[in-house]
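The next block holds one structure in the form of structure tokens; read it before the comments.
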Amino acid sequence: MVEKDKEYILNIEGLGYEGEGIAKIDGYPVFISGALIGEKVKVNIIKVKKNFAYGKLIEILEESPERREPKCSSYNMCGGCTLQHLSYAGQLDYKFSRVKDCIRKIGGLDESIVNYPIGMDSVYRYRNKVQFPVGLVNGKLSIGFFSEKSHEIIDMDTCLLQDEESERIVSIIRNWMNEYSIMPAKKDGKLFKNGLVRHIVIRKAFKTDEVMVILVTTNKKIPYVNELIDSLNSNNNSIKSIVQNINDKDTNLVMGEKCITLWGSDYICDYIGEYKFNISPLSFFQVNPVQTEVLYNKALEYADLNGDEIVFDAYCGTGTISLFLSQKAKKVYGVEIIPQAIDNAKVNAEINNINNAEFFVGKSEEIIPKLIDDGIIPDVIVVDPPRKGCDSKLLDALGKAKPKKIVYVSCDPSTLARDLKYLEEQGYKTVEVQPVDMFPMTKHVECVVLMSRVEKWEYTKH
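Each residue of the sequence shown is one higher than the one before, counting from 0 in the numbering used here.
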């Protein structure tokens, strides 16, 4: 019987889906944050559940050769990146194991279809977007990141995953808030009446160096806003857009629906490969531009287009994958539920002189059957759903559409495996799974998957 508040000496046998170490006491799993495979550790049990327990790492008695000293001084407090204590080779091994585990246990598929993850050469400063929560903590202005599994703000001046320019911008905004007594929207984690600033969001286009600064506020009126604009512009020539986003709801969502351009352009421009994209405040755009190009090229390889195919792109966002596919397809139809994203997709097609891509606002599970009823039959369907995976109605629609190939881009191995199992029951075979490490130093891993309709088509591995 595992006892709370009791110390144990344990051997770490594996890593969980959150990157935590897993040990066992008489077959009973114990999850220990910060522990690595092969280590012997002293642990204090802090929570006991019916089928597992959580332990706090007290001491490492035998250290893994893959253990590294985290570069970030706030690593033990911040919940942003949880694998800095593991070598990068070890991180890729962990993500490989995690994807295989999901494919085998959840999908019921042969794990040999999973390739080793494609990693990065530069594993820091790779993000093109950062969101800083702002709050009043114990009477002091705090701007930084949330602690692990909570909404407590850790006051931080630097983050090694973000572009250095974002740190300078946050410092300017911090000084402006202190100088003019601009209040954060939240006090000790809760919205309060006189609060204003909720988040600072910064987007940077890596190919053009253009920067967008977004101030998320609870209401429209910003005191001393001109002083802020002047200060930002006098210290940074790369800023092309300063935007206010209004979010007055008591919600964990970072941004609201309304945006007001305070200065400069409504958008910034960046490139993925040879394609130019306009990025507005609410646009979805992959946060790691280097690996995005790797991911999309793999999706294009799996689609294996020769110029005669009709392609559907479900959850198309701002049309990034659609435009990549259009270079080899006869026609691409993109579907996305967010109207502004479709507006961006249409503009992105126009500025790239692409005439064989058409975009629709709506739910993919509703639009795709209508397209088929209109006589538009897809040869390939690409899906890039949110973390929760595909809607079951969309999976049914994919089965009824009967494309020769499905290319599935996923940001969550668990929901990916679940959806692959569902599609296999509808007559598809999972040919290959390629993990791509979009988020070094974190537990997250993206995958691009090729599925073919059984007995209809065979993929030759390149």
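Ideal placement from N, C-alpha and C gives every residue a C-beta, glycine not left out. Keep in mind that this is a model prediction, so the values were computed, not measured.
Which of the three DSSP states is assigned to residue i in this structure?
i	result
ASN251	coil
LEU281	coil
CYS389	coil
GLY263	strand
LYS455	Confidence at LYS455 is low in this model, with a pLDDT of 48, below 50, so its placement is unreliable and no value can be given for it.
VAL382	strand
GLY398	helix
TYR16	coil
LEU140	strand
PHE191	coil
ILE21	strand
PRO183	strand
ILE320	helix
SER32	coil
SER111	helix
SER492	Shown here, the chain extends from 0 to 461; a query on residue 492 therefore has no answer.
ASP156	coil
ASP229	helix
SER325	helix
VAL1	coil
For residue i, which beta-bridge partners are listed by DSSP?
i	result
VAL435	ILE117, GLU445
GLN243	LEU214, ILE259
HIS198	PRO132, VAL215
ASN43	GLU6, LYS55
THR429	MET450
PRO61	Before going on, a small fix: residue 61 reads as Glu here, not Pro. DSSP lists LYS39 as partners of GLU61.
ALA356	VAL331
LYS404	VAL379, SER451
ILE238	VAL210
ARG126	GLN161
LYS203	VAL210
LYS275	TYR270
SER146	CYS77
Which residues in the same chain have their Cβ closer than 6 Å to the Cβ of residue i, if we skip the five residues on either side of it in sequence?
i	result
VAL253	GLN130, HIS198
MET440	CYS80, LEU82, GLN83
LYS420	GLY106, GLY107
Examine the ligand ATP and report whether any of its heavy atoms sits within less than 7 Å of the Cβ of residue i.
i	result
LEU294	This structure simply doesn't include the ligand ATP, nor any ligand for that matter.
Locate the alpha helix (DSSP H) running through residue i, then write down its first and last residues.
i	result
PRO288	288-302
VAL169	163-178
VAL346	338-350
From what residue to what residue does the beta strand (DSSP E) around residue i run?
i	result
GLY89	Where GLY89 is concerned, there is no enclosing beta strand (DSSP E), although the alpha helix (DSSP H) it sits in stretches over 87-104.
LYS420	Not the beta strand (DSSP E): LYS420 falls in the alpha helix (DSSP H), residues 412-423.
GLY69	In the sequence as presented, Gly is not what sits at residue 69; that position holds Pro. Run containing PRO69: none; DSSP gives neither H nor E here.
ILE367	Looking at the DSSP string, ILE367 is not in any beta strand (DSSP E); the run it does join, the alpha helix (DSSP H), is 363-372.
ASP312	309-313
Tell me which residues share the same chain as residue i and place their Cβ nearer than 8 Å to its Cβ, disregarding the 5 neighbours each side in the sequence.
i	result
ARG417	ILE105, GLY106, GLY388
TYR295	ILE271, GLY272, THR319, ILE320, PHE323
LYS206	ASP269, TYR270, PRO288
Only counting the same chain, and skipping five residues up and downstream in sequence, which positions put a Cβ closer than 7 Å to that of residue i?
i	result
PRO69	GLN83, HIS84
SER279	ASP265, TYR266, GLN339, ASN343
HIS461	With a pLDDT of only 46 at HIS461, under the threshold of 50, the placement of this residue in the model should not be trusted, and no figure is reported.
LYS428	MET450, SER451, VAL453
LYS401	ARG452
LEU14	GLY20, ILE21, ILE36, TYR93
LYS275	CYS268, ILE350, ASN351
VAL169	PHE131, ILE142, ILE199
GLU2	ILE44
Segment contact flag, the segment 400-412 with the segment 56-70, C-beta cutoff 8 Å, min 3 pairs: no
Sufficient close CB pairs (3 or more, under 8 Å) joining the segment 139-153 to the segment 440-454: no
Segment contact, 8 Å Cβ cut-off, at least three pairs: the segment 304-311 with the segment 274-287: no
Meets three-Cβ-pair contact criterion under 8 Å: the segment 46-54 and the segment 16-34: yes
Touch test, the segment 97-117 against the segment 143-151, Cβ-Cβ under 8 Å, three pairs minimum: no
Three or more C-beta pairs below 8 Å linking the segment 116-130 and the segment 91-98: yes
Contact the segment 220-236 vs the segment 158-169: 3+ CB pairs below 8 Å: yes
Contact between the segment 244-261 and the segment 211-225 (3+ Cβ pairs under 8 Å): yes
Meets three-Cβ-pair contact criterion under 8 Å: the segment 390-401 and the segment 363-371: yes
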